[in-house]
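**Q** Residue numbers (my numbering), protein chains in the order written: chain A, 115 to 380; chain B, 115 to 380.
The beta-carbon is built from N, C-alpha and C at its ideal position, and this holds for glycine as well.
From a predicted model like this one, the values you see are computed outputs, not experimental measurements.
The structure's right below; bear with me while I get my questions together.
There are 2 protein chains.
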Amino acid sequence: MAKKLRYLEIAQILKTRILQGEFPLGQALPSQKELSEIFNTSVMTTRGALAELEQEGIIHIIHGVGTFVAAPEVHSDTLSLQGFQNEMDRQKMPVTTTVLSVEHHISDPRLCSLFGSSDAQFSALTRLRSIDGTPVIYQKSYVEQQFSAVIEQYSEDRSLYQSFAQTTGTMVTKGKEIMTPVLLPEEAAQALGITEACTAFLSKRISISIHDKVVLYDEAYLPGPYVIMASSRQGKRNTFKYIINKEGTIDSIDSFNDTDLWEDLI
Amino acid sequence: MAKKLRYLEIAQILKTRILQGEFPLGQALPSQKELSEIFNTSVMTTRGALAELEQEGIIHIIHGVGTFVAAPEVHSDTLSLQGFQNEMDRQKMPVTTTVLSVEHHISDPRLCSLFGSSDAQFSALTRLRSIDGTPVIYQKSYVEQQFSAVIEQYSEDRSLYQSFAQTTGTMVTKGKEIMTPVLLPEEAAQALGITEACTAFLSKRISISIHDKVVLYDEAYLPGPYVIMASSRQGKRNTFKYIINKEGTIDSIDSFNDTDLWEDLI
DNA sequence: CAGTGGTCTAGACCACACC
DNA sequence: GTGTGGTCTAGACCACTGT
């Protein structure tokens, strides 16, 4: 445990202090020079610690401005929606959300083991995400009953993460997701207004708080006509994003030449 | 262009020299101290340059051993196959490959624009990937006719990247991939020995050489029963891998608790 | 302009791999 | 052991942002 690596040690100390609320969400940390004096170390070492925390998504460093405790809006909604609209006006994708249902007192042993909790009850929020009025994603989110207020106080103009942060003061920094190709089940197809048989991505996802606790479980259907995945690799790194294609018609092979699309990957 | 950032400048110089073959594939570069003397700079700066090149996948740094020009086998085959076998013996997944067909003199304007070449002809290699004798992936790879030797000299015990490196002396360091959920087409289903209707990932992928040229185009079908995707996010970073599930039976929700599975993601 | 983060030095010393 | 990469110092100076 005792690594004796100074920068990791400092990172750990800072992390602890942030978790204890010493530096509230969105607030600026002391400057790198100040931190260096505080910890009696050099700037290079301090920067190593901060780089570590930034990679963990806990802080956000802006050149010439400062270092800030990461606000949830920094991480775009986990289903980081990105538009795809023939070459132009990719910027403004009006994503609207509709709440279909709210359920409480759900019991499911698999959810229990997922959340690692004995709290046998869960609440669920079912939503529909639309682009320009066209529904493209059907999503169901589960939280532990004790956090049902997160769902109650959720409003459609912000993400569930923001609601979570505001209600509980906890931020989500990690997630794991599993994707499979499926046929759209009737329930989802109906909600999406799709009548014919349709292939889709089924995404199951857990969101993990800064305290390393599972706080959210999501299941989302992303129908093939509207959603594709784009992935980029360089060296050992790979990264991906979902792309919304409202028209339902892109031949993916052409999109390799669309430089805008790949801009922010890797 | 002239950034005046010393470490990027050094990285650029080293990259050029590597491309010119001054340091052949797999060979060790001079040590960090030597490089620092050569470029008349400090170790910290040299390390910055090397870190840059490592992230680009051009070199491979090993603590206590040395810095090496990256050999293609460092990047596992782009469809980085990872096994999933109830908790144990995940290590040894005997992936075998069968060549189904080799075609030449293929003309396709879309491939031309993809490769950005006027060479109107392409060669194709169709393969079947199997785990323990169970076929799980159907894959078709295209190269420009001028590189048809890569396909001719391909052998089933190594990757196409290795064949490419050996035949042309060029290494692949980047790739872009697009994934969609589809129904397995008859041709692929037949090859995979799947009789019923079956959902699958369709992966279209281009591989880009160190000279920034598209050298390979792949289409692969990864049927849902055998293949799932696992993705992990931390902060702004996200990464994913394909997981082979030979038995065709995992409920993905349980796999969140399988720590081995997520070990190497992020 | 002042204040922030980013780069760079010229060394020293530590951790790891290999013989 | 020797030789490699990894961390760290105590500053200096550069680049960016906002007033």
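Taking Cβ positions, are Met343/A and Met293/B nearer each other than 8 Å?
**A** Annotated as proximal: Met343/A and Met293/B, with beta-carbon spacing under 8 Å.
**Q** According to DSSP, is Phe198/B part of a helix, a strand, or is it coil?
**A** Here the model assigns Phe198/B a pLDDT of 49, short of 50, so the residue's position is not dependable, and the following value carries that caveat. Three-state result, Phe198/B: coil.
**Q** Considering only heavy atoms of the ligand NAP, does any lie closer than 7 Å to the CB of Ile367/A?
**A** No copy of the ligand NAP appears in this structure; indeed no ligand is present at all.
**Q** Between which two residues does the alpha helix (DSSP H) holding Glu151/B run?
**A** Glu151/B: member of the alpha helix (DSSP H) spanning 146-152, first to last residue.
**Q** Could you check whether the Cβ of Gln348/A sits closer than 8 Å to any Cβ belonging to chain B?
**A** When Cβ-Cβ separations below 8 Å define contact, Gln348/A makes contact with chain B.
**Q** What do you get for Ile127/B, buried or exposed, if any count of 16 or more other CB atoms within 10 angstroms of its CB means buried?
**A** exposed
**Q** Quick check: what's the CA-CA separation for Asp368/B versus Leu228/A?
**A** 8 Å
**Q** In chain order, what residues of the segment 160-172 of chain B put their CB closer than 8 Å to some CB of chain A?
**A** Here the close residues are Glu168, Gln169, Glu170, Gly171, Ile172.
**Q** Could you list which residues in chain B have their beta carbon closer than 9 Å to that of Glu291/A, in chain order?
**A** Met343, Ala344, Ser345, Ser346, Arg347, Asn352, Phe354
**Q** Against chain A, with Cβ distances strictly below 8 Å, would Pro295/B count as a contact?
**A** Under the 8 Å criterion on CB atoms, Pro295/B is classed as interfacial with respect to chain A.
**Q** So Asp374/B is in the alpha helix (DSSP H); what residue range does that whole segment cover?
**A** 373-376
**Q** Which residues in chain B sit within 7 Å of Phe370/A, going by Cβ to Cβ distance?
**A** Leu228, Lys290, Ile320
**Q** Taking C-beta to C-beta, are Asp332/B and Gln260/B nearer than 8 Å?
**A** no
**Q** Is it right to say Gly283/A is buried, meaning 16 or more other beta carbons lie within 10 angstroms of its own, or is it exposed?
**A** It counts as exposed.
**Q** Once the 5 residues before and after Asp372/A are set aside, which same chain residues still bring their CB inside 6 Å of it?
**A** none
**Q** Just verifying my parser: in three-state terms, what is the DSSP assignment at Tyr121/B?
**A** Reduced to three states, the DSSP call for Tyr121/B is helix.
**Q** With respect to the alpha helix (DSSP H) encompassing Val157/A, which residues constitute its N-terminal and C-terminal limits?
**A** 157-169 is the extent of the alpha helix (DSSP H) around Val157/A.
**Q** For Tyr356/B, report the span of its beta strand (DSSP E) as first-last.
**A** Where Tyr356/B is concerned, the enclosing beta strand (DSSP E) stretches over 351-358.
**Q** Find out if the Cβ-Cβ distance for the pair Gly338/A, Pro337/B is shorter than 8 Å.
**A** no
**Q** Could you pull the start and end residues of the alpha helix (DSSP H) that Ile265/A belongs to?
**A** 262-266
**Q** Counting contacts by CB-CB distance shorter than 8 Å, is Ala76/A in contact with chain B?
**A** As shown, chain A starts at 115 and ends at 380. That puts residue 76/A outside it, with no answer to give.
**Q** Any beta carbon from chain B within less than 8 Å of Thr287/A's own beta carbon?
**A** yes
**Q** Given this structure, state the Cα-to-Cα distance separating Ala238/A from Ser346/B, to the nearest angstrom.
**A** 23 Å
**Q** Between Thr373/B and chain A, is any beta-carbon pair separated by less than 8 Å?
**A** Look at Thr373/B: its C-beta is not under 8 Å from any C-beta on chain A.
**Q** Is Leu143/A closer than 8 Å to Ile176/A when the C-beta atoms are compared?
**A** no
**Q** On the criterion of 16 or more Cβ atoms from any shown chain inside 10 Å, does Ser262/A qualify as buried, or is it exposed?
**A** buried
**Q** If the criterion is Cβ atoms closer than 8 Å, does the pair Phe354/B and Asn352/A meet it?
**A** yes
**Q** For Val250/B, write down the residues that DSSP places opposite it in a beta bridge.
**A** None; Val250/B has no bridge partner.
**Q** Tell me which residues share the same chain as Ser221/B and place their Cβ nearer than 8 Å to its Cβ, disregarding the 5 neighbours each side in the sequence.
**A** Closer than 8 Å at the Cβ level, and outside the excluded window around Ser221/B, lie Ala234, Gln235, Phe236.
**Q** Strictly below 8 Å CB to CB, what residues from chain B border Ala314/A?
**A** Pro295
**Q** Taking Cβ positions only, does Ile367/B come closer than 8 Å to chain A?
**A** yes
**Q** Rounding to the nearest angstrom, what Cα-Cα distance links Glu85/B and Ala314/A in this structure?
**A** This structure gives no information on residue 85/B, because the portion of chain B shown stretches from 115 to 380.
**Q** Pick out whichever of Glu151/A, Gln146/A, Ser150/A, Leu122/A has its Cα sitting closest to the Cα of Gly178/A.
**A** Gln146/A
**Q** Going straight from the alpha carbon of Thr160/A to that of Ile322/A, what length do you get?
**A** 27 Å
**Q** Does the beta carbon of Ala125/A sit closer than 8 Å to a beta carbon anywhere in chain B?
**A** no
**Q** For the segment 215-244 of chain A, which residues have a beta carbon sitting closer than 9 Å to at least one beta carbon of chain B?
**A** Arg224, Leu225, Ser227, Leu228, Gly230
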